[in-house]
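One structure is given below, encoded as structure tokens.
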Amino acid sequence: MYIVETKDLYFRYPDGTAVLKGINFKVKKGEMVSLLGPNGAGKSTLFLHFNGILRPTKGEVLIKGKPIKYDKKSLVEVRKTVGLVFQNPDDQIFAPTVKEDVAFGPLNLGLPKEEVEKRVKEALKAVGMEGFENKPPHHLSGGQKKRVAIAGILAMQPEVIVLDEPTAGLDPVGASKIMKLLYDLNKKGMTIIISTHDVDLVPVYADKVYVMYDGKILKEGTPKEVFSDVETIRKANLRLPRVAHLIEILNKKDNIPIEWGFTIGEVRRNIVNYLKEKC
Ligand SMILES: Nc1ncnc2c1ncn2[C@@H]1O[C@H](COP(=O)(O)OP(=O)(O)OP(=O)(O)O)[C@@H](O)[C@H]1O
């Protein structure tokens, strides 16, 4: 059974724009999955289906094997299981202070005050935003707002956390910290789904990668399988990870020696880019 699954999912916005064109996306409990694809591929649109914000034009979305029913009760249950962090934190953060914002979700779950306070504290600590409790969110930087938005979802303790471009707009250290946090949460059993353009950082952590292009899944597999398919990577406007990350991806888990699934030219270009950055 999959914790999140879409079956032949089609979606068209009310203005007629056909965005999702037969998506089969499957995530097992405990997996860390990354969705890659160019601007406008439909990644955000797909994610908005995972907790029932959007309803398929055709096909279905299943959470823990059950199709979402889109009545109020079913949606409450779905949203307890699947927490979605939006691409733009301004779409998510609205309370007068950071503390109140992070507390909003757990309070809505009807949790006791002490439990809410505990969760808020833990969530802000996890994202490195302790000390900002009483700040108005609109006084925070973009990266700080992103962390608060993540804290708001963490405080709900969902089983699955879906993050739309969590590292976009963060400085490199901030991006690594967020990925490390998500990696640690995943190791504790949380299922994580991330969309990203960051081919260097995210696939290093992912168990599975989907590549989306023009509303369709072009390729799915381990980071190693996906990044060995240079043609797909090129078609989806992506690039190979920089060589250091590439080696990490190729060597991940099985520790087998590197088998280059790339043309010599691709490898050379990666090495040159890497050296240019380092030297
Ligand atoms: N409310 C809407 N009404 C009509 N079309 C929309 C709406 N929202 C998004 N679209 C269109 O749907 C397509 C997919 O957009 P989406 O935001 O899902 O892509 P994305 O893969 O997340 O892109 P990015 O990497 O730029 O965030 C785009 O062509 C976009 O213009």
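Residues in the sequence shown are numbered from 1 upward in steps of one, following UniProt numbering.
The beta-carbon is built from N, C-alpha and C at its ideal position, and this holds for glycine as well.
None of these values were measured; they are calculated from a predicted model.
Query: Unbroken beta strand (DSSP E) run spanning Met210, endpoints; Result: As written in the sequence, residue 210 is Tyr, which differs from the Met given in the question. Element bounds for Tyr210: Lys208 to Tyr213.
Query: Own chain partners of Lys80 with C-beta closer than 8 Å, once the 5 adjacent residues on each side are dropped; Result: Leu109, Met156 and Pro158
Query: Between the CA atoms of Glu133 and Ala206 - distance to the nearest angstrom; Result: 31 Å
Query: Distance between Leu20 and Pro56 (C-alpha atoms, nearest Å); Result: 9 Å
Query: Rounded Cβ spacing between Val127 and Arg147 (contact assumed at less than 8 Å); Result: 4 Å
Query: Distance cut-off 6 Å: Ala41 Cβ against heavy atoms of ligand 1; Result: yes
Query: Backbone CA spacing between Val173 and Ile3 [nearest angstrom]; Result: 31 Å
Query: Candidates Gly22, Tyr13, Ala123 and Pro203, of which the one nearest Tyr213 by Cα; Result: Gly22
Query: Rounded C-alpha distance that separates Val33 from Asp164; Result: 12 Å
Query: Span separating the alpha-carbon of Val98 from that of Glu117; Result: 12 Å
Query: Cross-strand partners of Leu36 (DSSP beta bridge); Result: Thr196 and Val211
Query: Span of the alpha helix (DSSP H), counted from its first residue to its last, around Lys177; Result: Pro172 to Lys187
Query: Reference Ile63, options Gly83, Lys224 and Thr45, closest by Cα; Result: Gly83
Query: Cα-Cα separation between Asn255 and Gly40, rounded to whole angstroms; Result: Since pLDDT at Asn255 reaches only 39, below the 50 mark, its modelled position is unreliable, and the value read off the structure follows with that caveat. Cα-Cα distance, rounded: 36 Å.
Query: CB contact flag (residue 285, Val211, <7 Å); Result: The question about residue 285 has no answer, for the chain in this structure spans 1 to 279.
Query: Beta bridge counterpart(s) of Ala18 as assigned by DSSP; Result: Arg12
Query: Buried/exposed call for Tyr13, threshold 16 Cβ in 10 Å; Result: exposed
Query: Val19: CB within 6 Å of a non-hydrogen atom of ligand 1; Result: yes
Query: Cross-strand partners of Thr167 (DSSP beta bridge); Result: Thr167 pairs with nothing; no bridge assigned.
Query: Separation of Gly42 from Thr17, as counted between CA atoms; Result: 11 Å
Query: Tyr210 Cβ short of 6 Å to ligand 3 heavy atom set; Result: As presented, the structure is devoid of ligand 3, carrying ligand 1 as its sole ligands.
Query: Euclidean distance between Cα positions of Lys58 and Tyr10; Result: 5 Å
Query: Nearest-angstrom Cα separation, counted from Phe47 out to Phe104; Result: 22 Å
Query: Complete runs of the beta strand (DSSP E) confined to the region 56 to 83 [at least 3 residues]; Result: 58 to 63
Query: Inter-residue CB distance, Asn72 and Thr191 (contact presumed, cutoff 8 Å); Result: Strictly speaking, residue 72 in this sequence is Lys, with Asn absent from that position. In fact, because the Cβ distance is near 24 Å, the residues do not count as touching under 8 Å.
Query: Distance CB(Val85)-CB(Ile153) smaller than 7 Å; Result: yes
Query: Residues of its chain near Asp198, where Cβ-Cβ distance is below 6 Å and the 5 sequence neighbours each way are ignored; Result: Thr167
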